[in-house]
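To keep things clear, I will list the structure first and then write my remarks on it.
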Amino acid sequence: MDCRTALEILDREGTGMSGLPEADLAAAEAHLAGCGRCAAIVDNRRRLDRKIGRVLRAVDVPRGARQRLLVQLAALETADDDTGVASGEGRAASGTGNQPAVALITAEWANVAQAPAEGSRWWQRPLWRGAVPVAACLLVAAIGFFSVIWLMTPRWSVDEVRRELAKISFDSLETLRDFNGEEVANHLPADPGWQKLEWRSGQTAKGLPDGSSPHQFAVYGFVIPGRQRRPISGLLAVVPRHRMRAPPTAQSLSAAFSADSSSDYLPARIGQAVSVAWTDGDVVYVCLVEGGADSLDILRRILDAPAA
Amino acid sequence: MDESRRTVSLSELARLHYPLVYRYAFRLCGSAAEAEDLTQQAFLTAHRRLDQLREQESAKAWLCAILRNTFLTRVSSRQFPRMVPLQAIAEPADELPHDAIFDSDELQQVLSELPEEFRTPLILFYFDEFTYREIAEQMDVPIGTVMSRLARAKSYLRRRLETMQSAAAR
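Protein chains in written order, with this note's numbering: chain B, 1 to 308; chain S, 1001 to 1170.
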């Protein structure tokens, strides 16, 4: 092997990870052992490479540069965690959740605080520039949390529902807004006796009487038919159980009649009325019937009568 | 959990590899301000693509590849009048003594004269962080191409530093 080839091979082998054939390397090393000039050149080049490497790597990282980036990344990662966007194939940090990002902020806090001021105003400093989006995210999350809590808080009592029903004029029932809340739509009582009643508006549920919040609970109108007496009007409210502060203890209409706890007269737009309320699974029914205890008794008898 | 499959947050990667990526950026572009900007841009890009990183062990090379792509995208429309023609790099080098005196700025000046495809393997080689194969993968070229470019770049570097030495001695 000549000097030029040996020097080229050994130059390439600088890091020991060139992947050159072992035979070539062995031949070059053999040449080196017998050639003082080449040995000196290779030795010089290796020393020079080490020196160049040292100088090349000696680059000062600007103070605070990494901290600025970390704050920015922590804000991005926090936003990702909040929105659940950046999951991919398991983007959770090693450890638990966003703990590393939080820990990094904490760990870097001291460094940033000790670093020379990089802006003349406190809000221009990197830490605050990164903290503003984080604070905004936390604020939005808090508002969302309390909104959910507010929405989940029971709002109605049976008596309040009765009073709302009392505001409804039976004749104007058809002009009320349709109820399109998914929670209680099509939740007429399962008792087949209700089918004997005449339903106003074709069994279409209506919204709240004032129309301002149409999806709080559904209202149906019905008529108890009669041959030897005038028909009796009635209203049935269907309310999600979780929206009730104190759901009725009666678990069925029959039980509610037995309890007879709602026989107080109530001045209503449909006339003097009485009410009855019961809970069936996830739904609470409040029924307002024109008349007095005798109307309730008629309703009960109709519902209890065997189907024709 | 299999340690090789463990996923990391980019904050962790930034904490571990920021100095390397910044130094790489600095040696590529030659400016501290631009290097910081490039590094930040590269990490933000990495944040968007973190799901592409399959093994933590390859994070360093992955970040360097993103940094280089960011740099290439940024400079693609620029002109580099100081760059030397490739033919000049092929010239054989005079031997520069290992005790030659040169500083970081002189080294950067020579690096900036090199076309990027020669500068990149030279920087990565002297960083002593990657094998030839890893450099080849980062540049998406065959390993033989990397070794050839590296040999020519080193030859040019020695010759230019030697020229600087001679000029300083006069």
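For every residue, glycine included, the Cβ atom is placed at its ideal position computed from N, Cα and C.
With a threshold of 7 Å, establish whether the CB of residue i neighbours any heavy atom of the ligand GDP.
i         : result
S:Leu1028 : Only the bare structure without any ligand can be found here, which leaves the ligand GDP out of the picture.
Relative to the alpha-carbon of residue i, which residue among the options has its alpha-carbon at the smallest distance?
i         : options                                       : result
S:Pro1097 : S:Phe1026, S:Leu1157, S:Pro1019 and S:Cys1029 : S:Leu1157
S:Ala1151 : B:Leu296, B:Ser295, B:Arg301 and B:Ile9       : B:Ile9
B:Leu7    : B:Ala23, B:Arg45 and B:Pro21                  : B:Arg45
B:Ile270  : B:Ile302, B:Phe170 and B:Gly64                : B:Phe170
B:Arg162  : B:His187, B:Trp199 and B:Ala218               : B:Ala218
S:Met1147 : B:Arg12, B:Asp297, B:Pro62 and B:Asp178       : B:Arg12
S:Ala1061 : S:Gln1040, S:Ser1031, S:Arg1133 and S:Leu1114 : S:Arg1133
B:Gly292  : B:Pro247, B:Thr249, B:Ile232 and B:Asp80      : B:Ile232
B:Arg4    : B:Pro240, B:Ile41 and B:Arg241                : B:Ile41
B:Ser172  : B:Leu151, B:Tyr220 and B:Ala131               : B:Tyr220
S:Asp1051 : S:Ala1169, S:Val1141 and S:Leu1010            : S:Leu1010
B:Gly234  : B:Leu266, B:Arg245, B:Gly130 and B:Phe145     : B:Leu266
B:Val132  : B:Val286, B:Ala250, B:Gly193 and B:Gln72      : B:Gln72
S:Asp1105 : S:Glu1137, S:Met1164, S:Arg1068 and S:Val1141 : S:Met1164
B:Glu160  : B:Arg245, B:Phe146, B:Ile224 and B:Arg229     : B:Arg245
S:Leu1013 : B:Asp178, B:Leu70, B:Arg47 and B:Lys51        : B:Leu70
S:Ser1031 : S:Arg1048, S:Thr1145 and S:Phe1071            : S:Phe1071
B:Ala190  : B:Phe257, B:Thr279 and B:Asp80                : B:Thr279
B:Gly355  : B:Thr175, B:Ile224 and B:Ile168               : Given a span of 1 to 308 for chain B in the structure shown, any question on residue 355 of chain B remains unanswerable.
B:Arg63   : S:Glu1036, S:Arg1049 and S:Ala1046            : S:Glu1036
B:Leu188  : B:Glu174, B:Glu22, B:Val238 and B:Ala141      : B:Val238
S:Asn1069 : S:Gly1144, S:Arg1048 and S:Met1139            : S:Met1139
S:Arg1048 : B:Asp80, B:Cys137, B:Arg37 and B:Arg230       : B:Asp80
S:Thr1039 : B:Ser258, B:Arg68 and B:Arg177                : B:Arg68
Note down, in chain order, each residue of its chain lying with its Cβ closer than 6 Å to the Cβ of residue i, except the 5 sequence neighbours on either side.
i         : result
S:Val1008 : Gln1056
S:Leu1161 : Leu1096 and Phe1102
B:Gln226  : The residue asked about is misnamed: residue 226 of chain B is Gly in this sequence, not Gln. Closer than 6 Å at the Cβ level, and outside the excluded window around B:Gly226, lies no residue.
S:Leu1122 : Ala1153
B:Gly179  : The identity of residue 179 of chain B in the sequence shown is Phe, whereas the question assumes Gly. Taken in chain order, the residues that qualify are Ala205, Lys206, Gly207 and Ala218.
B:Thr106  : With a pLDDT of 37 at B:Thr106, under the threshold of 50, the modelled position of this residue cannot be trusted, and the question is left open.
S:Ser1166 : none
S:Arg1074 : none
Enumerate in chain order the residues of its own chain whose CB-to-CB distance from residue i is below 8 Å, with the five nearest sequence positions on each side excluded.
i         : result
B:Ala30   : Met1
B:Leu139  : none
S:Glu1034 : Ala1025
B:Ser251  : First, the residue type needs correcting, since residue 251 of chain B is Gln and not Ser in the sequence shown. Excluding sequence neighbours, B:Gln251 sits near Trp278, Thr279 and Asp280.
Report the neighbours of residue i on chain B: residues whose CB is nearer than 7 Å to its CB, in chain order.
i         : result
S:Leu1096 : Leu48
S:Arg1023 : Arg57 and Val59
S:Pro1019 : Val61
S:Gln1040 : Leu69
S:Ile1066 : Near S:Ile1066 there are no residues of chain B at all, since even the closest Cβ is about 14 Å away, more than 7 Å.
S:Glu1036 : Pro62 and Ala65
S:Ala1032 : Pro62
Since I believe residue j is in contact with residue i (beta carbons under 8 Å), could you give me their beta-carbon distance rounded to a whole number of angstroms?
i         : j         : result
B:Ala273  : B:Ala166  : 7 Å
B:Ala268  : B:Leu288  : 6 Å
B:Val134  : B:Ala75   : 5 Å
B:Pro248  : B:Val158  : 6 Å
B:Leu296  : B:Val276  : 6 Å
S:Leu1028 : S:Arg1119 : 7 Å
S:His1017 : S:Leu1063 : 5 Å
S:Ile1066 : S:Ala1042 : 5 Å
S:Pro1019 : B:Val61   : 5 Å
B:Leu48   : B:Ala39   : That belief does not hold up - the Cβ atoms of B:Leu48 and B:Ala39 are roughly 15 Å apart, past 8 Å.
S:Leu1107 : B:Ile52   : 7 Å
Which bits of chain B does residue i rub up against, with CB to CB less than 9 Å?
i         : result
S:Asp1103 : Val55
S:Leu962  : In this structure chain S extends from 1001 to 1170, so residue 962 of chain S is not present and cannot be described.
S:Phe1071 : Chain B residues near S:Phe1071: none, gap ~15 Å exceeds 9 Å.
S:Phe1043 : Leu69, Gln72 and Leu73
At a CB-CB cut-off below 8 Å, which residues of chain S make contact with residue i?
i        : result
B:Arg12  : Met1147, Leu1150 and Ala1151
B:Pro133 : Going along chain S, no residue has its Cβ under 8 Å from B:Pro133, so there is no contact; the nearest lies around 14 Å.
B:Ala74  : Ser1011
B:Ile41  : Glu1095
Please compile the residues from chain S whose C-beta is within a distance smaller than 7 Å of the C-beta of residue i.
i        : result
B:Pro240 : In chain order: nothing, as chain S lies at least about 40 Å away.
B:Lys51  : His1098
Anything in chain S within Cβ reach of residue i, meaning under 9 Å, just list it in chain order.
i        : result
B:Glu8   : Ala1151
B:Glu323 : Because chain B spans 1 through 308 in this model, residue 323 of chain B falls outside it and cannot be assessed.
B:Glu77  : Ser1009, Leu1010, Ser1011 and His1047
Please list, in chain order, all residues of the same chain as residue i whose beta carbon is under 7 Å from its beta carbon, the five residues on each side excluded.
i         : result
B:Lys196  : Ile302
S:Glu1117 : Arg1149
B:Phe222  : Leu197, Glu198, Trp199, Arg200, Gly234 and Leu236
B:Ala28   : Met1, Ala6, Ile9 and Leu10
Residue i versus chain B: which residues are under 8 Å apart at the beta carbon?
i         : result
S:Asn1027 : Residue identity check: residue 1027 of chain S is Arg in the sequence provided, not Asn. The answer, in chain order, is Leu56 and Val59.
S:Tyr1126 : Asp49, Ile52, Gly53, Leu56 and Arg57
- Are at least three pairs of beta-carbons, each pair with one atom in the stretch 1116 to 1128 of chain S and one in the stretch 1023 to 1036 of chain S, less than 8 Å apart? yes
- Task: Answer yes if the stretch 297 to 305 of chain B comes into contact with the stretch 56 to 67 of chain B, meaning at least three C-beta pairs across the two stretches below 8 Å, and no otherwise.
- Result: no
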